[in-house]
Each structure stands twice: as structure tokens, then as C-alpha cells.
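Here the structure comes first, spelled out in C-alpha cells, and everything after it is commentary.
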Amino acid sequence: MIRIEDYIPIVGEATVEELRLLAERLRGKTIRNINSTAVGGGVAEILSRMIPQLDQLGVKAGWDVIKGDEKFYAITKKFHNGLHGVPVKIDAAEYDHFLEVNRYNAGQFKFSDIVFVHDPQPVALIEKRGAIGKNWVWRCHIDFSRPDPEIWSFLKQFIDRYDSAVFSAPAFSQRLTIPQVLIAPSIDPLSDKNKELDEKTIDEVFSRFGIDRSRPVVTQISRFDYLKDPLGVIQAYKLAKANVDMQLVLAGGGATDDPEGPMIMEQVKAEADKDPDIFVLFLPPASDIEINALQRGSTVILQKSLKEGFGLTVSEALWKGKPTIAGAVGGIPLQIAHKYSGILTRSIEGTAQWIKQLVSAPEYARRLGLNGKEHVRNNFLMTRHLKDYLLLFVSLFHKGDIVSL
Amino acid sequence: MNPFNFNTKLDQTLLLGVRANTVAELMASVKSAPDSSIYFHTHRFLNQHQYLSPEPPNDFAYWVSNVLGDDVLGERLWSVDIVRFSSIHELRQTLTAILESYLAAAPRKIECQEGEEFHFMASRTFVLPTRYSARDLKEFAEALGKVSIHSIYFHVFDAKLRLKHDENDFSRWFRSLGKTELAEASRRLDPYSHTLDGLRHDLIALVKKYDSH
Chain A
168 MIRIEDYIPI VGEATVEELR LLAERLRGKT IRNINSTAVG GGVAEILSRM
218 IPQLDQLGVK AGWDVIKGDE KFYAITKKFH NGLHGVPVKI DAAEYDHFLE
268 VNRYNAGQFK FSDIVFVHDP QPVALIEKRG AIGKNWVWRC HIDFSRPDPE
318 IWSFLKQFID RYDSAVFSAP AFSQRLTIPQ VLIAPSIDPL SDKNKELDEK
368 TIDEVFSRFG IDRSRPVVTQ ISRFDYLKDP LGVIQAYKLA KANVDMQLVL
418 AGGGATDDPE GPMIMEQVKA EADKDPDIFV LFLPPASDIE INALQRGSTV
468 ILQKSLKEGF GLTVSEALWK GKPTIAGAVG GIPLQIAHKY SGILTRSIEG
518 TAQWIKQLVS APEYARRLGL NGKEHVRNNF LMTRHLKDYL LLFVSLFHKG
568 DIVSL
Chain B
16 MNPFNFNTKL DQTLLLGVRA NTVAELMASV KSAPDSSIYF HTHRFLNQHQ
66 YLSPEPPNDF AYWVSNVLGD DVLGERLWSV DIVRFSSIHE LRQTLTAILE
116 SYLAAAPRKI ECQEGEEFHF MASRTFVLPT RYSARDLKEF AEALGKVSIH
166 SIYFHVFDAK LRLKHDENDF SRWFRSLGKT ELAEASRRLD PYSHTLDGLR
216 HDLIALVKKY DSH
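Just so you know, the protein sequences line up as chains A and B, in that order. Taking our numbering, the leading residue of the first sequence gets 168, the next gets one more, and so forth. Taking our numbering, the leading residue of the second sequence gets 16, the next gets one more, and so forth.
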């Protein structure tokens, strides 16, 4: 098990000390996390990492999962799609069933000082706020930048009854009557995907895939999905390669909900067949070490997304000290300050130009990478996420812009 | 003589649900945003990028230059010398005056790309005591080498501009020790042109220099 002390060599003693100071302010308080799934998905992953750390800090945080039938999850899937801008129709009976399931679940929980509700599925538990908990926070983990107005209006009536709402990126914030807090997601520097690797492991992964580490390697790790623009990446690589020698690695999972996915994958494969320096790697789910090694062994990392939620793969690349070129979309501009901690682009041509620059100017690229790594150390590691959660809980008991604890 | 007790601070970032697409919208919200928002957008870079050269000065300048592509207005906002201000009110007036004069002179309206809007945020600050304190300059220099950069940030930036202490907490304490020259020298340091670790380094050097006097 990862211990809180294990983060000290990475973030410094003062940072962990600050977590302990904050945790002391929550002595005797009980915190109940509630979401809709115990395994799979980002929320369950965050909670399963976060709760043991809170426990080590002496904070009593529990985690419960609401129970629903198939119909309930079909409705909440529609909510999810609608909130992402996909046209959906939800009728009155479906809204009623959603409320019924929430009301049934509301009777199952013990009373807590803080109830921390994740995502839309359990949002209506707030109807029973007096019976379940004293202070209520609603945490939105999904892209809320263009929510379906009808679904939003339905959810808003509940959200406005919470004490605070939490969003992952500024673009997701809404006009609400309650305070809204920004808590960005984080990466765990001690996980297989991000931990330090020795050169031997990196060499072994590169040679397994036939990639030549003695020549520049430009890599994008992401799903083969229209929104990650793998074809745009190939075009940018071709433009850049006219002047500078390099290889291109496109690696990621093959599964996608995107209806255009299979067609894009075929085109990507066809392009790769024409050029022995393009490596298309379909990685199975348990490939964290491979992804880590590919990132660490690359010269430049790309994340040329056309649309993005938060885009944590950018933080993963920056954490490895890699010069990173990424689309200026979603949460990516939070992770990269252009020309300070990485490069933001908006076109294939711009991406190509920056690939050339960074491959040809290794000293500048190295400085970008170092700055990027420090930016992630200060803002996107697990410890910052823990600090934000502790602050969120503490903040519920205080008022004012500057609070002395 | 009172010892110097080092505090630290942790910030919560609030989202105000207000966004700007153009310079005119930016100005309207700069006028109406709470003080904690003006403070946030003029100090966020210092807080988040303290390892970098201190080049990016404030979010307004960064957005106007890098998103709207207006280098002239960006530079005017960039050159607002925050160290000169003793209140958020004055700082807001200066930013507003720059935006107003730009809008009066420039009839063109540049709109940002979708997804690159300026989002107004604000800081909520939580102050905590640390285990570090100092009774003399030697102990002060030692402790300053150990406290987190958030502690330095709090005693230098928040103390002056948000808690309206007139000068930073370190200078005030040096003055209470009768170390007037050190107080003046540390007061004259421009913290906005340092990284936080650079500031820590320079302050320790100053304290050591005056301790041996």
C-alpha cells in the first residue's frame, strides 16, 4: 500500500506537513462519499486511491454506492450523453423513476457531517438532506461546458440545494446560487503509469515494438478516436519529417464509442502501412508500464486533441519531463502555459512547425520539459488533489475570503 | 521581543461562472468581480509557476496576448507593476483604465475562439500556523530555509495586499527588532520579479548580511 510519507521525496516534507495540519482540522468529522459504481470509471479510481490516504491522515472518510436497476442506469446514461451535448429525449416517467431510485437509496445511509455526492446519478439524495448529513457537496466529474438545457434545468433544482459544487475545469462552471470550487484531477506519481523507470525497462519496451531509440521519436498516447485527431497527427508528422528525421508512435486502446472510430482506425493503419517509421500500437488495458516507457523514451509528446475533458495524459507526459505539444482545448491550457511549460497549438501546420522546432532545439525542448514537470509537481499530483479535498471539507465550516484556522 | 511565527496558507479556487469573449466583456467583469478575483488573476502565475522565470505577470495580460493575439494591449496589462499598489481597489482601477482607453481607441472587436474564453475565478485563503518560529535573525534565516513557499507567499504577498499591512510581514518584524536597514532592504525587494525560491534565497542572503552587522 502507498503510504502518505512515500510522497515526501516527490513533493517535499512541507507539502505533506500541510496535509497533516489540514487533516487535524477535521478530527471527529465523518465524511461520506456517495457515487453510483464501486469499480470501473474515473470516480471509482479516484476514490479508491484517495480514501486510504485520507484514512492515513486520520480523516474518517467512507464510501457508499447507490443501488439502481437497469432502467435507472439507462436513464443516467442518457443524462450523461445529454450533458456531453448528444441530443437525447427523456420523458416524465424516466425523470420520476430517477427520483424514485434516489428516494429509495436515501433511506439506506447513516448520518454524516459531510456528504460528498459524485456526479448526477445520486444528486437527488439532497431531498433528504436533514436525515443523511449536515453539509453537502456535489462533485461533477464530467464535461459540463455545454449541457443539454432540459437535463441541466432538472439537475440544477437539486444542485442549488447543496452547500457547494465542485467542477474539474473553469469551462464547466455554471451560473449557480451556491459557491463553485475548482478541483482539477490529478495523476499519481507512484502508479505504474507514472513511476520512475530504469533505462533497461524503457529500452526493452522500445525494442519489443521495433522502435529505434537512437533516432527522434514523436509520440501520441490516446484512443483512436476522431476527437484525438490521429490523422491530423500523421499529417503534422509528415510535414515535419520533410526536414527533420523522426519516427511517429501512435499508441492507445482501440475501444471507442465514436461511430467513426473504426473508419479512422482503418485510415491510420493504412497510413502506417505506407511508412515504416509510423508505429501504430493497440495496447490492451493493463499496459501502464508500456505507456510509461513509451512516454519516457520519446523525444516529443503530442496530444493533438480537437475536444478534451481534462486531458490528463498531458500531465502524465509533462511529469516525465517531456516537451509536450497539445491542442488548446478543454483542460489542456490549465496544464500548459504556452512556451513556458509546453506548446499549445490549434492547427496541423502549427503542430508540424513546433515538432520541427522541438526536435531540432533539444536545449529549448529540455527547458520546456523541466518547467512542465515542475508545473505538474505543484498543481496536478495526487497530493494537491488531497489538499483540495481537505480544504473543501474544512471550508464548509468557515466563512470569508481569508480564514485563520 | 515577540518571536516571528511563520504561518502558511492554502488556497481554494472558486469558479464565479462568469466568462469573457472580448476585451469589452473582460473590462465589464474586471469592474464588477470581487477583490478576491482580481487578486487571484494577478497572482495566480506567481503561485502556480514559481519555478519559472517570473515573466507571465497576470492572467489578463496572458489571455489578451496569447488568446486574442493583441500584443499591444497584452503588453500594457503586462506592465502594470503590482508591487506599487497597496490595495486591490487601486490595482483594479489601473487595469480598468487601461482597458477603457484601449476600447475608446480601438473600434475593432476581437472575439476569442470557442473554448478559449476568460473564466473569472477567485481565491479563498486558509491560514495555518506552522511549527517554525524565530527569536532572532539567525533562527529566522534557518526557518526561512525550511518553510514551504506558501508560507513565504503568505507573509510577502497576502500580508501586504490583502491584509493591508502596508509592508510585508518580514520587514515589519525586522523593524520591530530595530533592524531598520534590513527592514528597508527587504521592503525594497520586488517580489514580483522573483520566483518564490529566488525570493527565499535573496531574503536569506539579506538576513545573513545584516545579522553580521
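All residues carry an ideal CB built from backbone N, CA and C; glycine is no exception.
With its beta carbon at least 8 Å from every one in chain B, A/His251 lies outside the interface. A/Tyr271 counts as exposed, since fewer than 16 other C-beta atoms from the protein chains shown sit within 10 angstroms of its C-beta. Within the segment 19-45 of chain B, Thr23, Leu25, Gln27, Thr28, Leu29, Leu30, Gly32 place their CB atoms closer than 7 Å to a CB of chain A, listed in sequence order. Taking 8 Å as the threshold, the shortest C-beta distance from A/Gln341 to chain B falls below it.
The DSSP-derived three-state label of B/Thr210 is coil. Counting only runs of at least 4 residues, the segment 228-286 of chain A fully encloses the following alpha helix (DSSP H) elements, listed from N- to C-terminal order: 237-250, 259-273. In this structure, DSSP gives A/Thr182 a helical state, which the three-state scheme calls helix. Between the alpha carbons of A/Ala484 and A/Gly539 lies a gap of roughly 9 Å. Residue burial is scored here from C-beta neighbours: A/Gly297 has fewer than 16 other C-beta atoms within 10 angstroms and is therefore classed as exposed. DSSP, read as helix, strand or coil, puts A/Asn410 in coil. Runs of the alpha helix (DSSP H) lying entirely within the segment 477-511 of chain A and spanning at least 4 residues, in chain order: 479-486, 499-502. For B/Ser51, the closest Cβ of chain A is nearer than 8 Å. Around A/Phe334, the beta-carbon contacts reaching into chain B at under 9 Å are Leu30. A/His308 does not reach chain B, its nearest Cβ partner there being about 15 Å away, counting only Cβ pairs nearer than 7 Å.
Nearest C-alpha to B/Glu199 among B/His209, B/Asp181, B/Thr210, B/Ala120: B/Asp181.
When C-beta atoms of the segment 410-417 of chain A are compared with those of the segment 372-391 of chain A, three or more pairs fall below 8 Å, so the two segments count as touching. Around the beta carbon of A/His565, fewer than 16 other beta carbons lie within 10 angstroms, which makes this residue exposed.
Partner residues in the beta bridge of A/Ala332, as assigned by DSSP, are A/Trp305, A/Gln347. Residue-level contact check: A/Pro316 does not touch chain B, since none of the beta carbons of chain B fall below 8 Å from its beta carbon. Against chain B, the CB of A/Glu237 has no partner CB under 8 Å away; the residue lies outside that interface.
The distance from the Cβ of A/Asn302 to that of A/Ile281 is about 5 Å, consistent with a contact at the 8 Å cut-off.
Within chain B, the residues placing a beta-carbon under 8 Å from that of A/Val570 are Arg139, Thr140, Phe141, Val142, ordered along the chain. Residue state for B/Asn81 is assigned as helix, using DSSP reduced to three classes. Counting only Cβ-Cβ distances below 9 Å, A/Gln347 has contacts in chain B at Leu29, Leu30, Leu31, Gly32, in chain order. For B/His134, a Cβ of chain A is located within less than 8 Å of the residue's own Cβ. In the three-state scheme derived from DSSP, where H, G and I count as helix and E and B as strand, A/Ile378 is classed as coil. In this chain, B/Lys24 is not harboured by any alpha helix (DSSP H); it is covered by the beta strand (DSSP E) spanning 19-35. Taking 8 Å as the cut-off, the beta carbon of A/Ala181 is found closer than this to the beta carbon of B/Ser163. In the three-state reduction of the DSSP assignment, A/Ala205 falls in the coil class.
Rounded to whole angstroms, the separation of the alpha carbons of A/Ser215 and A/Gly509 is 31 Å.
Distances from the CA of A/Pro352 to each of A/Gly252, A/Leu189, A/Gly497 were compared; the closest alpha carbon is that of A/Gly497.
Residues of the segment 557-569 of chain A with a C-beta less than 9 Å from any C-beta of chain B: Leu557, Leu558, Leu559, Val561, Ser562, His565, Gly567, Asp568, Ile569, listed in chain order. In this structure the segment 237-254 of chain A does not lie against the segment 213-228 of chain A, because fewer than three pairs of beta carbons, one per stretch, are closer than 8 Å.
Non-local beta-carbon contacts of A/Arg533 in its own chain, meaning distances under 7 Å to residues more than five positions away in sequence, are absent. With the criterion set as a beta carbon lying under 8 Å from some beta carbon of chain B, the members of the segment 175-189 of chain A are Gly179, Ala181, Thr182, Glu184, Glu185, Leu188, Leu189, in sequence order. Between B/Ala137 and B/Pro49, the C-beta gap is smaller than 8 Å, which places the two residues in contact.
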